[in-house]
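Each remark here refers to the structure printed beneath this line.
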Amino acid sequence: MNETSLTLEKVGLRFVLDQELQLAAILENTALAILIFDVQANLLFASPAGQKLFDDRGPKLGQKLSADSGYESLCQLLDKAICSQDSLVGEIIWPDKRIFSAEISCVQAGSYAVVLYDVSRFKEREKMKDGFFATAVHDLRSPITSIIGFSHLTKATGSLNAHQNEFVQQIQHAAVHMSELLEDILYLTKFDLDAESKKVAVDISQSLFEIAGEFQPQAALKRQRLALEKTEPQITVLGNESQLRRVLRNLIGNAVKYTPEGGIITLSLELESNLAKINVKDTGYGIPSIDLPHIFDRFYRVRNNGHNDIQGTGLGLAIVKSIIEGHQGTIDVQSEPGKGSCFTVTLPCSYMKELSPIVLQQEQETA
21 MNETSLTLEK VGLRFVLDQE LQLAAILENT ALAILIFDVQ ANLLFASPAG QKLFDDRGPK
81 LGQKLSADSG YESLCQLLDK AICSQDSLVG EIIWPDKRIF SAEISCVQAG SYAVVLYDVS
141 RFKEREKMKD GFFATAVHDL RSPITSIIGF SHLTKATGSL NAHQNEFVQQ IQHAAVHMSE
201 LLEDILYLTK FDLDAESKKV AVDISQSLFE IAGEFQPQAA LKRQRLALEK TEPQITVLGN
261 ESQLRRVLRN LIGNAVKYTP EGGIITLSLE LESNLAKINV KDTGYGIPSI DLPHIFDRFY
321 RVRNNGHNDI QGTGLGLAIV KSIIEGHQGT IDVQSEPGKG SCFTVTLPCS YMKELSPIVL
381 QQEQETA
């Protein structure tokens with residue numbers, strides 16, 4: 021090796037050393053809680069803010085992070101990042117019950133950096149807000165119920181002229197709409213407060229079949245063809261059955277509601293890479309492209325020209341998305357005005373029971 025090569029090598033080593041010293045200085049002086057682990061979950065480094073998070077039960081440098089000491093959620097997220105060899109973001113619960121947002125990334129071969137942000141105060145404020153909404157909804161239920169009840173009595177106990185009957189009818193429609201809105205708000209706040217609901221094995225195939233049957237009478241009134249196509253084995257997912265059935269009711273109900281008379285709604289269930297894939301496709305009014313990014317936002321309503329008389333709370337799809345994400349699933353939509361929409365839900369499967377291929381076709385004869 022000549023003198024020039026030795027000089028270049030020294031310069032390179034000096035540069036690397038300077039970079040490492042700068043990085044060490046940044047890590048030592050940062051206000052962020054940063055932890056670095058190896059693939060065995062041994063703690064290699066903790067910034068000063070990170071060291072303050074650990075009590076006597078916490079690992080020392082070179083020691084393994086133990087789930088038995090109250091760090092179970094961090095261990096699970098770290099194991100998931102190591103197994104996937106990918107960056108992850110999630111929420112963890114510290115032994116003192118504080119909630120942290122954790123960002124995990126591979127900084128170099130064999131080591132993973134964890135950056136922790138304390139979000140406990142924000143979570144507490146959200147809980148207080150949801151509790152307030154839940155209380156307000158409960159308090160508003162009684163007067164709304166009274167309005168609905170007395171409006172029915174008004175129509176039943178005396179003769180009304182045409183104008184009076186129309187006014188009472190409008191009162192009923194408005195009160196029912198308000199009642200539906202309150203129930204959606206209450207459900208959403210309860211879901212936020214109880215996100216970790218108990219999950220069991222759910223036969224999503226059977227749930228789809230039954231709920232499709234529930235909407236057959238409504239589809240028949242509009243001379244719609246509601247078809248359920250099922251060509252896969254019985255598919256089971258791990259989840260909350262009532263929540264998943266609510267998702268199906270909302271998507272199928274919307275398809276019936278926003279599809280004109282004589283239209284077609286097609287439901288399908290497929291298995292793709294251990295994922296249950298549910299499609300709800302219709303030939304309805306469609307969703308303008310400007311609205312598509314916002315349809316899962318709370319209280320957002322699509323304004324279709326000529327169809328704004330269709331009532332809704334603007335919370336249904338927000339609830340659907342919250343439920344699906346709570347089951348580690350996804351929901352997507354493709355739509356074009358005048359041609360219809362297709363909502364696609366994917367859910368991780370728990371296991372499958374092999375059955376002979378079944379094709380179920382539920383069709384309502386068009387008048």
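According to this note's numbering, the residues represented by the sequence shown are 21 to 387, in order.
Think of the CB as a built atom: it goes at the ideal place given N, C-alpha and C, for glycine as much as any other residue.
Around the CB of Y132, 16 or more other CB atoms lie within 10 Å, so the residue is classed as buried. With the rule of 3 Cβ pairs closer than 8 Å, the stretch 305-314 does not count as touching the stretch 334-345.
By the C-beta density criterion, Q184 is exposed, having fewer than 16 other C-beta atoms within 10 angstroms. The alpha helix (DSSP H) runs lying completely inside the stretch 88-132 and spanning 4 residues or more are 92-104, given in chain order. At a Cβ-Cβ threshold of 8 Å, L289 and A296 count as neighbours. When the five nearest sequence neighbours on each side are left out, the beta carbons in the same chain lying within less than 7 Å of the beta carbon of Q348 are those of P368, in order along the chain. The straight-line gap separating the alpha-carbon atoms of L271 and Q236 is approximately 14 Å. Around the C-beta of D159, fewer than 16 other C-beta atoms lie within 10 Å, and the residue is accordingly described as exposed. Nearest C-alpha to L52 among V59, H314 and P68: P68. Partner residues in a beta bridge of T155, as assigned by DSSP, do not exist. Sorting G130, D302 and I168 by C-alpha distance to the C-alpha of L98 places G130 at the top. In the same chain as L136, and ignoring 5 residues on each side of it, the C-beta atoms closer than 6 Å to its own belong to A53, F120 and A122, in chain order.
With three or more CB-CB distances shorter than 8 Å, the stretch 153-169 counts as touching the stretch 184-204. The beta carbon of F170 sits closer than 6 Å to no other beta carbon from its chain once the five residues preceding and following it are set aside. S293 and F187 have their C-alpha atoms roughly 55 Å apart. Across the set L291, G304 and R269, the C-alpha of G304 shows the shortest separation from the C-alpha of E281.
Boundaries of the alpha helix (DSSP H) around Q236: Q236 to L241. The shortest C-alpha to C-alpha distance from K341 to any of P357, I284, S361 and H314 is the one to H314. With distances taken between CA atoms, T279 lies nearest to Q244 out of I298, T256, Q244 and S262. S179 and Q189 have their C-alpha atoms some 14 Å from each other.
Contact between K218 and L258 is ruled out by a C-beta separation of about 11 Å, above the 8 Å threshold.
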